[in-house]
Amino acid sequence: MKWRKMADHVQGLAQLEILCKQLYETTDTAVRHQAEKALVEFTNSPDCLSKCQLLLERGSSSYSQLLAATCLSKLVSRTSNPLPLEQRIDIRNYVLNYLATRPKLAAFVTQALIQLYARITKLGWFDSQKDDYVFRNVIADVTRFLQDSVEHCIIGVTILSQLTNEINQVRAPSSPGLARRHLCTWSERRVLSPQADTTHPLTKHRKIASSFRDSSLFDIFTLSCNLLKQASGKNLNLNDESQHGLLMQLLKLSYNCLNYDFIGTSTDESSDDLCTVQIPTSWRSAFLDSSTLQLFFNLYHSIPPSLSPLVLSCLVQIASVRRSLFNNAERAKFLSHLVDGVKRILANPQCLPDPNNYHEFCRLLARLKSNYQLGELVKVENYPEVIRLIANFTVTSLQHWEFAPNSVHYLLSLWQRLAASVPYVKATEPHLLETYTPEVTKAYITSRLESVHVILRDGLEDPLDDAGLVQQQLDQLSTIGRCEYEKTCALLVQLFDQAAQTYQELLQSTNSSAADITVQEGRLTWLVYIIGAVIGGRVSFASTDEQDAMDGELVCRVLQLMNLTDSRLAQAGNERLELAMLSFFEQFRKIYIGDQVQKSSKLYRRLSEVLGLNDETMVLSVFIGKIITNLKYWGQCEPITSKTLQLLNDLSLGYSSVRKLVKLSAVQFMLNNHTSEHFSFLGVNNQSNLSDMRCRTTFYTALGRLLMVDLGEDEEQFEQFMLPLTVAFEAVAQMLSTNTFNEQEAKRTLVGLVRDLRGIAFAFNAKTSFMMLFDWIYPAYMPILQRAIELWYHDPACTTPVLKLMAELVHNRSQRLQFDVSSPNGILLFRETSKMITTYGNRILTLGDVPKDQVYSVKLKGVSVCFAMLKAVLSGNYVNFGVFRLYGDDALDNALQTFIKLLLSIPHSDLLDYPKLSQSFYSLLEVLTQDHMNFIASLEPHMVMYILSSISEGLTALDTMVCTGCCSSLDHIVTYLFKQLSRSTKKRPTPMATDDRFLHIMQQHPEMIQQMLSTVLNIIIFEDCRNQWSMSRPLLGLILLNEKYFADLRNSIVNSQPPEKQQAMHLCFENLMEGIEGNLLTKNRDRFTQNLSVFRREVNDSMKNSTYGVNSNDMMS
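When we follow this note's numbering, the leftmost residue of the sequence shown carries the number 835, and every step to the right adds one.
Here it is as structure tokens:
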């Protein structure tokens, strides 16, 4: 091979350096590709280590030094054939000396070498030589750097910062998709022990992180604070690049210490406003001493704006320390210092115009309420002044809506939490929120209205287009606006009346410009959204009749505006305003329509006075009128259509409201005229693509619920309702019966039809109505669905809706599939299911290799639906599967064999990478191992191994549903094995050949079951096991089948503990098997489950405060 020859010729440093320059500098893709291939060969060569040292010693370019550092990082990280301890110590010492003697390396080389040091230190954290943990003297390693020049200090601080970050970081599994605990291949797996834990990086990571936290982290944080105090005490010249760099690295180090995952929760950064920093109790002294807090506030005021965001990030973490770190008096004192610091920043806001500073300061303000109670805040000495300054800052921020819009969330969350706390505050001191909350509400509302003109004038991005952001802000405003609601309502009425009057005048004027009308529509859009939000913020126990009357005032105005805009839809409409109306209707429905609403509400009285809407039925008629209007005029606008249909669907769910709806003439019109003539979105010729038809399912689900109210056993009414669908099916049948037909038209008609039917099938959850549907579709139209699968198996836009309809039809929801004793329909339905799965499965496998980016949509999605369909029909309890073999019917065997063929075509990684596929597969496997274990036992060895290894992978999935399903499947398999072994030892009649074969496979590959025993035990002992009961069920069988292996495993775990802990651990295992008999009877299993619960608690207690324990944690003190 060309590449191999090239790699063979890589001799000497000069050639390596040329390759490095080609890799990092050349713009020629082919040259870079060649260099990359050659360097990969170099990385894998046996003499890579020695050549890396030569590159570092004699290399003349920074790129060759970077290559050496990167290669060394890979060498020390590999789990197979790891480097010996002495060699890793030599590399560590060499790197430190190299950095010390070359402080002015290129920044990226220094970074790569520090990363190498951090990686060696983390991976060797538990390695000892002559009873000395050789990689733990990190502060001693950097002391010589800190006592030298500024450049050396920067390197020393960066080493500590990078090490803290490296140890805190969980290395992600190599495979993308659904997160899971990484497992090696079978050949690489070893007996579980806390010291050589290659199969569970998460477990090993937590052990290292806990030990580092307990032994070194506080010393590093103290060192960083002391160095910051020294720096702030000197007159640093921050225009000097090196001094500026040193201060930045010190702040990063402090932040990394405060941002450490102290208790292994791996919090999601997207929810950082809810975060609590779980500072260990041993750190109390640093936070009781106000000088730590004061240090960072002083730094903020004394350093340039380019560095102050880092200071504020540290303050955000400090403000978030867990409440239980202090007693009440200490917390009050700490909060007082914190509030004083915030007040000082607000009083001197020179740095806040910087967007990064502003963002971090907004986060800091939000933490004041997320970690402290309003009752505590009002007792702070300067509270009145501070709340005034915060209110002014918020109002100014909201008025400058174009500046840092992503930071507004934190300010609104602060005021939302403050407003929500008002009913509960018991302190006698005034909270003053009745003064300032209306100011915040007014600033938000008026600033949004004022933004409309500017956005249109300057062509800026409209925040209304970001539905998620708008909804988030409205949710926050809903709580803020309900505080002092009279003022909010008066403001909204005033602004709405002004905007509506201007809008009406513009519409009536002959010379008004389109731009002016658009501005008013934009302002009204915001007002309708906000009115919907404040109505949705109504809390039943805190609302008064007066507030309900105010809601009535607002609702009347929106409905009057709706009448005006609907009357113009034939000429023109505004999509954003219509979406705002739908948002308003959704909030109004949640609060004032439904079974729990008090019908004597003052809101209804006001609606009656102004609009003549006397009761809920009349209000519902307004809802339905709007829904029909939208579907008529906005049928081609997908966002409006889908939201309108979702509103109809939500209305159809209420027990009382659905019965009132059915009595409305408009609803009867919909039930009798659901055709494209009246509802354009049901048309098939004007759809841009097949996926746009998804909303049809929602529409027919709602119609199905409405029809069921009075349907009973009226087959004539049902036939009348189904008439448009009957016509469509006959049209498709006609098309498919000819050799030449319009394929696109046939596809569109069929896809629309099956989406409609799936909606009806979902809604019909009673036996009587569902049987009508079943008799309508079978046998008349089932062949059309089968034919569609045969023709268009390669087009997922067509096959997925058909498969989903079939999966819905076989789903025994609410026991609706109950056939008469003399009816063969259950078996006939299964035959159709089997035929569809077999047809689709065999054809989809002919596609060959599908590109990775298309494999889910083209193949795996359909396979996933087939698995769900098979699971539904196997667990539906309406088919006796024993009769198939008895009468020589191969329907069951065909379906199961197709399942195996499909399964074997899917790599293990894909099973867990795609959540829907993994859930449908593992739930099907659970049913198969429970009811069809003889089929599993009859499979070829490689198929059995595939299924067992997929269970083993699934046991470590982070999706609890998948993990629980795997436990159940494993329990069924282990129980089956145990019974077969028991029978063979009792010399019962010869078991079936399949049983013998399955036993033989298990005896040939004992490591399969043993590894799963190791995995389950590891998860229970060392990890956050959320489904302990499910894990306990297969564990007893695994232990009874592998008693010798379990004994070895137990000894390995006991011996891995520190000597003083070994006796306690041994006793835990003794107690686990106390009173357990050698059988799998329910009583024995239950006793084992109880023992396991005690065992897990005792093991965790035993390992606490031990550097070996994952859960080592002093938070309980």
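Built from N, CA and C at the ideal position, the CB exists for glycine as well. Since the model is a prediction, treat every value here as computed from it, not as a measurement.
What is the DSSP secondary structure of residue i, counted as helix, strand or coil?
{"i": "D1687", "result": "coil"}
{"i": "S962", "result": "strand"}
{"i": "Y819", "result": "For the chain, the structure presents residues 835 to 1951; residue 819 sits outside this window and is missing."}
{"i": "A864", "result": "helix"}
{"i": "V1145", "result": "helix"}
{"i": "V1655", "result": "coil"}
{"i": "A1238", "result": "coil"}
{"i": "T1101", "result": "Note that T1101 scores a pLDDT of 46, beneath 50, so its modelled location is shaky; the value from the coordinates is reported in the next line. The answer is coil: DSSP assigns T1101 none of H, G, I, E or B."}
{"i": "A1006", "result": "Only weak support is given to the placement of A1006: the predicted model assigns it a pLDDT of 45, under 50, and the value that follows is read from those uncertain coordinates. Three-state DSSP puts A1006 in coil, outside helix and strand."}
{"i": "V1150", "result": "helix"}
{"i": "Y967", "result": "strand"}
{"i": "V1392", "result": "helix"}
{"i": "A1791", "result": "strand"}
{"i": "V1373", "result": "coil"}
{"i": "V1111", "result": "strand"}
{"i": "V991", "result": "helix"}
{"i": "V1155", "result": "strand"}
Just the C-alpha distance for residue i and residue j, rounded to the nearest angstrom, thanks.
{"i": "A1791", "j": "H1839", "result": "23 Å"}
{"i": "V968", "j": "N1002", "result": "20 Å"}
{"i": "S1140", "j": "I988", "result": "18 Å"}
{"i": "R970", "j": "E1210", "result": "42 Å"}
{"i": "G1488", "j": "K1260", "result": "39 Å"}
{"i": "N1889", "j": "R1867", "result": "27 Å"}
{"i": "L873", "j": "L1081", "result": "37 Å"}
{"i": "K871", "j": "V929", "result": "27 Å"}
{"i": "R1291", "j": "T1478", "result": "31 Å"}
{"i": "M1846", "j": "S1886", "result": "16 Å"}
{"i": "E1932", "j": "A1383", "result": "60 Å"}
{"i": "L939", "j": "R866", "result": "25 Å"}
{"i": "P1010", "j": "L1169", "result": "The predicted model places P1010 with a pLDDT of 34, which falls under 50 and marks its position as unreliable; any figure quoted below should be read in that light. If I take the Cα positions, the gap works out to 43 Å."}
{"i": "C1148", "j": "S1285", "result": "34 Å"}
{"i": "G1386", "j": "S1231", "result": "32 Å"}
{"i": "F1903", "j": "S1709", "result": "38 Å"}
{"i": "V1150", "j": "L1637", "result": "51 Å"}
{"i": "A848", "j": "D1053", "result": "45 Å"}
{"i": "R1884", "j": "H1900", "result": "8 Å"}
{"i": "A1500", "j": "V1229", "result": "47 Å"}
Taking residue i as the reference, give the member of the options with the closest Cα.
{"i": "A1043", "options": "W959, K1581 and S1116", "result": "W959"}
{"i": "K1164", "options": "S1927, A934, V1214 and R1719", "result": "One point to set straight first is that residue 1164 is Glu, not Lys, in the sequence displayed. It is V1214."}
{"i": "L1172", "options": "K1203, P1189 and N1191", "result": "K1203"}
{"i": "S1691", "options": "L1663, Y1627, I1425 and Q1652", "result": "Y1627"}
{"i": "F876", "options": "T863, S895 and L850", "result": "L850"}
{"i": "G1371", "options": "N1408, F1422 and I1351", "result": "F1422"}
{"i": "K1424", "options": "L1403, I1461, A1367 and I1474", "result": "A1367"}
{"i": "H1265", "options": "Q1207, G1722 and N1408", "result": "Q1207"}
{"i": "I814", "options": "C905, E1443 and F942", "result": "No statement about residue 814 is possible, as the shown extent of the chain runs from 835 to 1951 and does not include it."}
If you measure between the beta carbons of residue i and residue j, is that distance less than 8 Å?
{"i": "I1314", "j": "W1249", "result": "yes"}
{"i": "V1373", "j": "L1441", "result": "no"}
{"i": "Q1083", "j": "V984", "result": "no"}
{"i": "G1469", "j": "Y1534", "result": "no"}
{"i": "L1789", "j": "T1849", "result": "yes"}
{"i": "L1223", "j": "K1177", "result": "yes"}
{"i": "S1802", "j": "S1864", "result": "yes"}
{"i": "N1646", "j": "Y1712", "result": "yes"}
{"i": "R1156", "j": "I1113", "result": "yes"}
{"i": "T998", "j": "N1090", "result": "yes"}
So does residue i have its beta carbon nearer than 7 Å to some heavy atom of the ligand COA?
{"i": "C1317", "result": "The model on display carries no ligand, and the ligand COA is accordingly not part of it."}
**OP:** Let me know the alpha helix (DSSP H) ranges lying completely inside the stretch 884–940, each 4 residues or longer, listed in chain order.
**Re:** 896–911 and 919–935
**OP:** Scan the stretch 1236–1286 and note each continuous alpha helix (DSSP H) run of 4 residues or more that stays entirely inside, going in chain order.
**Re:** 1242–1255
**OP:** Enumerate, from N- to C-terminal direction, the unbroken alpha helix (DSSP H) stretches of 4 or more residues contained entirely within the stretch 1436–1463.
**Re:** Unbroken alpha helix (DSSP H) stretches of 4 residues or longer found wholly inside the stretch 1436–1463: 1436–1445, given in chain order.
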